[in-house]
Every structure is written in C-alpha cells, then in structure tokens.
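Trainee: Can you read through this structure? Questions will come right after.
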Amino acid sequence: MELTRRGFLKASGAGIGVAALAQLGFPTAAFADGEKLRIQQAIETTTVCPFCSVGCSAIVSVMDGKVVGLEGLPDSPINRGTLCSKGQSIFQIANNDMRLEKIRYRAPGATEWKDKTWEDAIPAIARLIKDTRDANFKATEEVNGQQVTVNRTEAIAQLGGAALDNEECYLESKFARSLGLVYIEHQARI
Amino acid sequence: MKQRKINKAIIGRRAKEYLESNRGLKGVLKLYRDVFSIQKKIGQKIPDQLPHLKGGEISFRIEEGRRLIEPDELEVNTAVLREMMKELGEVLKGEDSKPLEKLEDILADDEEVRRLTEAFLEERDGDDTHGMAESGIEPEILYMLMHIAIAPFFWKQASTLSKKADLGQVPQGTCPVCGELPIMGFLREEDGLRILECSLCGTRWGIPRMMCPFCRTTDQKKLSYIFAEGDQSRRAYLCEACKRYIKIRTGGGQGIEEMVLPLEDLATVHLDNAAAERGYERGCRTVFS
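Chain order of the listed sequences is A and B.
For the first sequence, UniProt numbering gives the first residue as 1, with consecutive numbering after it.
For the second sequence, UniProt numbering gives the first residue as 1, with consecutive numbering after it.
Next up, the structure:
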C-alpha cells in the first residue's frame, strides 16, 4: 500500500496533532516521505535457561527462523532481566559453528573419525546397550541372606545434558530406569 | 521509577542528532524546542500545591486501575493558562496566522478559557473534538493548542504524585497518573524493563515486556516487532490481536533520564510508515495531540 502524506496522517493515527500542524503550514512532508529504509521483522519468545536450578527466564529474538538476540526477561521474579555469563551463552545452543551436525564415529583402536548417518548410528547404539545390559543384568541379589528382586544393571551409566529441558530430562530418566540403570546423573538438576 | 529530567540544552543536543539523519524534520524539531521553552518558562508560574491524594489512596487507585488525576482534580490557574496559550499561539502561527486569528477573542474571555479547559479534559478520553467546534478555530488546531498549554499543569501535579507511587509494573497502556495514552516507550538498559512515557503528563511507568499494552494479550504468537535494517535500537512492537503498535527505543547508550521521547517519536516516523503499510494503527499519541 502506497501512502500519501495525507493518508499517512490519517492511517498512522499520529492523530490530530500532526494533522493540525499540517493545517498550520508546518512542513510535515518528512512524516510521510521520511527515510525509505529496508524494514525487517522479528519475534520475541520466552524460554527458561537450562543450565542450573535457579530457572532464570530469557527472551529470545528470532528472525527468519534464526536466533538473533537473547536477554534476561525483566518480568521474571527470579532474575528480573538479568542473566549470568553462562545464561547469556545459551545463545550458542542454537548458533554455534563448533556444534557437530553429523554423526561422528571412531572404531575401537582406530585413530580416525568417520561420518555416519542416523540410520547407522541408532541401531548400533541400541545393539550395544542391549548387549551390555543383557550381559550384566541382575534380576536378584542376596540381601541379609535372602534373594531379593533388584532388576538392575551396573554396567551402564547415564549422564543428562545441561541443555535439556525438564520434559526431556523426565523422558531420559524414565527410559534409563526402564532398562534397570541405577547410575543416573545430570548436571543441571532443574 | 526514575522520571525524566529534560531541559532546553538536552533537547537542543538531541534535536541536532536527529536533524543529521533527517533534514526534513527541521521545522517540527524547532517547533518542539520552542514549545518546550514556553512550557517551562510559563510553567514556573504555576503555583505549588500539595498532592490531592495520600500514599494509601495512591496505591489503592493504582490497584484498581483508576488514574490518579481525574478531570475534576486537575488544578488549572486560568491566568497562567491564558498566558501559556497566548505565547504558544504565537509560535504555532508560524507562516500562517489565519487559522489562529480568533485566539485573541478567546483569550479575552475568561469564561471561554474555562469552558475550553473543561471541554478538553472531558473530551481527551473520547478522541473527538466536538466541544472545541464553537470557538471559531479549527477543532484539531484548538485541541492541539489546549493539549500543549495544559500539559505543564499535568507535569506539575503528576511529578508530586509519581514520587509517591510505585510505578514499577503497572500492566496498562494508559498513564496511571492522568489516563492519557503514551507517546512511546523504551527498554531500560540495566534490566530490559519496558517503560512507557505519557504524552500528556510525562509520567513514566513500567509494563510487562511480553504483553500488548493496548489489548493486554500475552499470546507471544501475536506479538512481533519491526525495525530498520541495521538499527535494532528503534523498534515498533506490533500486536496481531488488536492490530496496534507502539514504538520502543532501546538504551543505545543514552541515559534514560535524558531520553527525549517526543523527539525520538518524531524522528522515527519511518517506523510509523512501515507499520501503517502493514495495516497496523498507532496506539499512541504524539507530543502535539
């Protein structure tokens, strides 16, 4: 829509003040013809920092699907607009040139890394987990001279990632316990 | 909440900066400086007064969403107002004195000045000017003149009230002190709090960051902002729910007390144009309305 000067004065809702100025003969052309700049649009969305148990809130600015800004959420009663140096770095979870984007595999004894696909990796990881669990699974254990059911394996440990959110941590721990893991740890504790 | 502290020197400095980016604003920026000088000079003659509300009443009204200065609670000294209108009228005449030639007749009649004051105070809520229609001056021009002439009375009364009120987070798009629409807002540099400034009494108050100040939606899918490429410090926040927008300035190194938002508003007209082209209406007033 191309706006005329008069059209702008009405459409902008700049209101009767600017319209009155025009009637008084003040130069208001700048209001309509001002700078013709390229305009960009971004959205802001809130998120919770995953790095520790404080639970600070942040605002993430996104443009064309990419994170372009990060700041503390001033409305949060927890951090009141501030973020610690680690919290400020959650920007790098999304934007990071060092982040691996392919599966990398180094065979036992090998010195070189190779690229693999998810189709290769997921069955191989599942196989290793299953074989390790089956080989080391304890259904029962003697306690005070009696055999009691324990259904566990001590051959696998699980470490949750710091960038996981609450729901992902829940799913991971549920999955690990269903396999019988007892060594379950997480860095964030949120 | 720190309130604004602006003076002629600060306005002069800022106006010079804005002029460098848009020479077309010269006339309007000069007008604002002249208007401000008169408001400050004659505003000194407004008698000091005790606040009409006590601390508890102030908190109560804010909690209830009621403004602190109702139309019948503003104390306007007619003699000072008449002097203000006279001098501002001279400035507004500019190149063409014809639209304001009836002003002298109005100023000669105290009763008419009082009638217009009451009409202004009642009608500013309704966004129409029919009470101004019988004065012989175009209602739009007279409304603007009344707005800038009465503003210093609001400044005076608002400054005593805002010192006693907690205006850190008042989730509304109209001024908690006088009920007027904001001129625009800014993000406080130290914590990103969004602060709006009233277009009439100059009071600043904080509102939640992720909320449209006009329809109060907090649906983040309906909120976005636009900016000129390369300058994220000046933004227009758009609301898809009510199709209105508000311009926001980020710190940009300027001390917030010295931020002159009326000038910033005039200098960011490219954002008004861009928002209007996208079908959004301005939710704020200007310093002249």
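Quick reminder that beta carbons are idealized off the backbone N, C-alpha and C, glycines included.
Since the structure is predicted, the reported quantities are computational estimates derived from the model, not experimental observations.
When DSSP labels each residue in this structure, what does residue 259/B get in the three-state scheme?
Mentor: Along the second sequence, read from residue 1 onward, the residue named residue 259/B stands at position 259. Residue 259/B sits in coil when the DSSP states are folded into three classes, being neither helix nor strand.
Trainee: Give a yes or no on contact between the stretch 65-83 of chain A and the stretch 204-218 of chain B, applying the rule of three or more CB pairs nearer than 8 Å.
Mentor: Yes, since at least three Cβ pairs between the stretch 65-83 of chain A and the stretch 204-218 of chain B fall closer than 8 Å, the two stretches touch.
Trainee: According to DSSP, is residue 147/B helix, strand or coil?
Mentor: Reading the second sequence from its first residue, position 147 is the one you call residue 147/B. In this structure, residue 147/B counts as helix in the three-state DSSP scheme.
Trainee: Whose Cβ in chain A lies nearer than 7 Å to the Cβ of residue 274/B?
Mentor: Numbered from its first residue, the second sequence carries residue 274/B at position 274. Those are 39, listed as they occur along chain A.
Trainee: Are the CB atoms of residue 236/B and residue 319/B within a distance shorter than 9 Å?
Mentor: Residue 319/B lies beyond the residue range present for chain B, which begins at 1 and ends at 289; the question has no answer from this structure.
Trainee: Hey, is residue 152/B's beta-carbon within less than 9 Å of any beta-carbon in chain A?
Mentor: Translated into positions along the second sequence, residue 152/B becomes position 152. Chain A, which has no Cβ nearer than 9 Å to the Cβ of residue 152/B, makes this no.
Trainee: Between which residues of its own chain and residue 80/B is the CB-CB distance below 7 Å, once the five residues before and five after are set aside?
Mentor: Against the second sequence, residue 80/B aligns to sequence position 80. Here the set comprises 42, 45, 46.
Trainee: What residue range does the alpha helix (DSSP H) around residue 110/B cover?
Mentor: Reading the second sequence from its first residue, position 110 is the one you call residue 110/B. Judged by DSSP secondary structure, residue 110/B falls within the alpha helix (DSSP H) whose first and last residues are 110-123.
Trainee: Look up residue 184/B in the DSSP assignment and give the residues it is bridged to.
Mentor: As a first step, residue 184/B must be located in the second sequence, where it is residue number 184. Residue pairing by DSSP places residue 184/B opposite 197/B in a beta bridge.
Trainee: Following the continuous beta strand (DSSP E) through residue 47/A, name the residue where it begins and the one where it ends.
Mentor: Start at 1 with the first residue of the first sequence, and residue 47/A comes out as number 47. Per DSSP, residue 47/A belongs to the beta strand (DSSP E) from 39-48.
Trainee: From this set, 172/A, 66/A, 136/A, which residue's C-alpha is nearest residue 159/A's C-alpha?
Mentor: Numbered from its first residue, the first sequence carries residue 159/A at position 159. Looking at the Cα atoms, 172/A is the closest of the given residues.
Trainee: If the cut is a Cβ gap below 7 Å, which residues of chain B does residue 81/A touch?
Mentor: Within the first sequence, residue 81/A is the residue found at index 81, counting from 1. Those are 191, 192, 193, listed as they occur along chain B.
Trainee: Would you check if the distance between the CB atom of residue 288/B and the CB atom of residue 21/A is smaller than 9 Å?
Mentor: Numbered from 1 along the second sequence, position 288 holds the residue referred to as residue 288/B. Numbered from 1 along the first sequence, position 21 holds the residue referred to as residue 21/A. With contacts defined as CB atoms closer than 9 Å, residue 288/B and residue 21/A qualify as a contacting pair.
Trainee: Under 8 Å by Cβ, that's how I've got residue 239/B and residue 212/B pegged, so tell me the actual separation to the nearest angstrom.
Mentor: Your numbering for residue 239/B matches position 239 in the second sequence. Your numbering for residue 212/B matches position 212 in the second sequence. Right, the Cβ-Cβ distance comes to about 4 Å (below 8 Å), so this counts as a contact.
Trainee: What's the gap between the Cα of residue 157/B and the Cα of residue 140/B?
Mentor: Here residue 157/B refers to the residue found at position 157 when the second sequence is read from its first residue. Here residue 140/B refers to the residue found at position 140 when the second sequence is read from its first residue. Cα-Cα distance, rounded: 26 Å.
Trainee: What is the residue span of the alpha helix (DSSP H) that residue 136/B lies within?
Mentor: Position 136 of the second sequence, counted from the start, is the residue given in the question as residue 136/B. Neither: residue 136/B is in no alpha helix (DSSP H) and is coded neither H nor E.
Trainee: Closest to residue 280/B by C-alpha separation, out of 243/B, 163/B, 263/B, would be which residue?
Mentor: On the second sequence, position 280 is the one that residue 280/B refers to. Residue 280/B has its Cα closest to that of 243/B, out of 243/B, 163/B, 263/B.
Trainee: Quick one: is residue 300/B near chain A, going by C-beta distance under 9 Å?
Mentor: The requested residue 300/B does not occur in the structure, where chain B is confined to residues 1 to 289.
Trainee: Look up residue 113/A in the DSSP assignment and say whether it is helix, strand or coil.
Mentor: Locating residue 113/A in the first sequence gives position 113, counting from the first residue. Looking at residue 113/A - three-state DSSP - the assignment turns out to be coil, as it is neither helix nor strand.
Trainee: Identify whether residue 288/B lies in helix, strand or coil by the three-state DSSP scheme.
Mentor: By 1-based counting over the second sequence, the position of residue 288/B is 288. The answer is coil: DSSP assigns residue 288/B none of H, G, I, E or B.
Trainee: With distance defined between alpha-carbon atoms, name the residue in 189/B, 190/B, 184/B, 191/B nearest to residue 200/B.
Mentor: The residue given as residue 200/B occupies position 200 in the second sequence. Measuring from the Cα of residue 200/B, the nearest candidate turns out to be 184/B.
Trainee: Between the stretch 2-19 of chain B and the stretch 256-268 of chain B, can you find at least three pairs of beta-carbon atoms closer than 8 Å?
Mentor: Taking a cut-off of 8 Å on C-beta distances, the stretch 256-268 of chain B touches the stretch 2-19 of chain B, as three or more cross pairs fall below it.
Trainee: With a threshold of 9 Å between beta-carbons, can residue 93/B be considered close to chain A, or not?
Mentor: Here residue 93/B corresponds to residue number 93 of the second sequence, with the count starting at 1. So, interface residue.
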